[in-house]
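Have a look at the structure below, then the notes.
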Amino acid sequence: MNHIIGVDIGTSLTKAVVFDDSGVAVAQACTPSEVHQLPGGRVEQDLDQVVGTVATVVREVARALEGRVEALALTGQGDGVWLRDESGAAVRPAVSWLDGRANERLAAWQASGVTDDVFRRTASGMFPGCAGPILSHLDEHEPESLDRAVVAGYCVDAVLQRLTGEITVDVSDASLPFLDPATRRYDDGAIAACGLSHRRDLLAEPAKSRSVFSLDSRGAELLGLPEGLPVTAGPFDLPASAIGAGVRRAGDGILTAGTTLACQVLTDDAWFDADAEPAGMFLATPDERTYLRAMPAMVGTASIDWACRMFGIEVERIDDLLAESGPGADGVRALPFLSASGERAPFVDAAARAQFSGLTLEHGPADVVRALCESIAYAARHCFEAAGLSGTLYACGGGVRSRAWTQIFADVLGTPIVIPSDPGVGARGAVLVAAEALGRPFDAERWAANAQTVECDPAAAERYRRGYAEYRETLSSARELWRL
């Protein structure tokens, strides 16, 4: 029996899932990664530690296998900046996509029109944790790090370099902020707009679709796998999750209710509205004929974790709390923007902040938690309206483990939600891409056969339609206040 090991290198967790010839998951392992929260809104990770997590989970699942490992398929977090030298060693700690050191730089670019210019060229809106503002910040404040580096890449290609020696980048990672998705080449005008033309050589050329690399001796020793083993790298976790969940047709979408809230819609048209608000991502995919319009909002399960901590409540009790407070949260309203970095989709505003209204002495924790869950669902609707959802909606992530919250999402969005049976959709998407690159694709429809569907409740949907209109009005007013 042959197996492909899929590895999803998340921000805080690295997970390996092994799939057999029929596409069935037969083993899995996970281990945490360290995320360093530093003064000044800085968030960094240690490349050696992240590579170590990959070795840990791969060795663990490989020991449990009977049969041959045919390939290793990598996916993981996107954005940020991972600076390396020729050998793959980090020249400084990786700057995470959560990092906020470039907040002021991005605000200046928004005021001067740089973000609009880049959006018109690439269909992607920049945010503080993406490569453009981070590289510009480092170029001014830490130029010696850029001088020592040979590549400014991302998490997945950083791990790939350590395992294979190859310096490259997947086209999905390269999409934000410098890639023209239609040509799948960097737009030199976008690079120049960010004042980075003199650092152009730090951007690795995107790999050809479905490229296959080989595990070198260093990688083989690290993982305990044979030298020469085929390795694929990408797409990064957002497109990989879409592929793994079953998104196949233009108009289909996926909601990832994780630490952040990622809303994506598949399109077969490279056209975009250049006059739209410069936010979100236009991601190239392994299929050169399709793209993903992605709105990865900063709100998500981290907001619910925060509320539960504030009230001293176990997060596992979320369904009980949602049962205690009905739709509308007894008049409590919320804006869910609790991230210190503000928001990045479907609008970009580093000053975005959360708020609650309608509270009285008669309200309790259940009302606050429900208001927060509903506001995150409203944010998802806002994102999907911007992304153009028109087909089947899939969902994954820790948030959908709550049946009650998933029901809120279905009712607010006014559509059924399909939940794949296998929670490791990112690793599964990477494995599907690897299998196709190796010339023997799995039956993707078979993989989706065991999915569950959460139907929309029409009565609740009507109530939430009014609630969404109120949410948008409140958000519009708040955005004016954030500018003060």
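Okay, so the sequence shown: first residue is 1 according to the UniProt record's numbering, each after it adds one.
We treat Cβ as the ideally placed atom computed from N, Cα and C, and that holds for glycine.
Inset, instruction - Spatial neighbours of R121 within its chain, please: CB distance less than 7 Å, with the 5 preceding and 5 following residues excluded, ordered by chain position. - result: D180, D187, G189 and A190
Inset, instruction - Look at the alpha carbon of A270 and the alpha carbon of C373, and state the distance between them as a whole number of angstroms. - result: 33 Å
Legend entry - D170 at chain D interface by Cβ criterion, 8 Å: Structure shown: chain D not included; a single protein chain is present.
Legend entry - Q452 versus A245, F384, R84 and G76, residue with shortest Cα-Cα distance: A245
Inset, instruction - Return helix, strand or coil for C155, following the three-state DSSP convention. - result: helix
Inset, instruction - Using DSSP bridges, identify the partner residues of H3. - result: D20 and V69
Inset, instruction - May I ask you to report which of helix, strand or coil DSSP gives M126? - result: coil
Legend entry - Rounded straight-line distance, which links the Cα of G23 to that of R353: 43 Å
Legend entry - Euclidean distance between Cα positions of Y464 and R401: 21 Å
Legend entry - Residue closest to S339, alpha-carbon to alpha-carbon, out of F282, G312, W97 and A437: W97
Inset, instruction - Tell me where the alpha helix (DSSP H) around T301 begins and ends. - result: T301 to F311
Legend entry - Sequence-distant residues of its chain with Cβ nearer than 6 Å to Q49 (five each side left out): E34
Inset, instruction - Would you kindly check if the distance between the Cβ of H137 and the Cβ of R185 is under 8 Å? - result: no
Inset, instruction - Would you kindly report the start and end of the unbroken beta strand (DSSP E) that includes R42? - result: R42 to Q45
Legend entry - 7 Å CB neighbourhood of F272 in its chain, flanking five on each side removed: A123 and F282
Legend entry - Beta-carbon contacts of S325 that lie in its chain and below 7 Å, excluding the five residues immediately before and after: A366, D367 and R370
Legend entry - Counted within 10 angstroms of its Cβ, other Cβ atoms place Q37 as buried (16 or more) or exposed: exposed
Inset, instruction - Within its chain, find whatever has a CB closer than 8 Å to the CB of P226; leave out the 5 residues flanking it on each side and keep chain order. - result: V69, L215 and A220
Inset, instruction - Would you check if there are 3 or more beta carbon pairs closer than 8 Å linking the stretch 275-289 to the stretch 230-239? - result: yes
Inset, instruction - May I have a chain-ordered list of the alpha helix (DSSP H) segments no shorter than 4 residues that lie completely inside the UniProt domain "Carbohydrate kinase FGGY C-terminal" (324-437)? - result: 365-387, 403-413 and 425-437
Inset, instruction - State the DSSP-derived secondary structure class of P177, mapped to helix, strand or coil. - result: helix
Inset, instruction - Name the residue from G342, A334 and A345 whose alpha carbon lies nearest to the alpha carbon of G358. - result: A334
Legend entry - DSSP state of R249 mapped onto helix, strand, coil: coil
Legend entry - Proximity below 8 Å, CB of L163 to CB of A430: no
Inset, instruction - Have a look at G253 and D79 and give me their C-alpha separation to the nearest angstrom. - result: 21 Å
Legend entry - Same chain, Cβ closer than 7 Å to A174, neighbours up to 5 away in sequence not counted: P206
Inset, instruction - Can you check DSSP and say which residues form a bridge with F282? - result: R293
Inset, instruction - Taking the CB atoms as reference points, tell me whether L389 and V265 lie closer together than 8 Å. - result: yes
Inset, instruction - Name the residue from E385, E436 and R428 whose alpha carbon lies nearest to the alpha carbon of T415. - result: E385
Legend entry - Close Cβ partners of G424 (< 8 Å) along its chain, the five nearest in sequence each way excluded: G6, D8, K15, V17, A25, Q28 and G244
Legend entry - Integer-rounded CB distance, given that R210 should sit under 8 Å from E436: 6 Å
Inset, instruction - Look at A131 and D85 and say whether their C-beta atoms are less than 8 Å apart. - result: no
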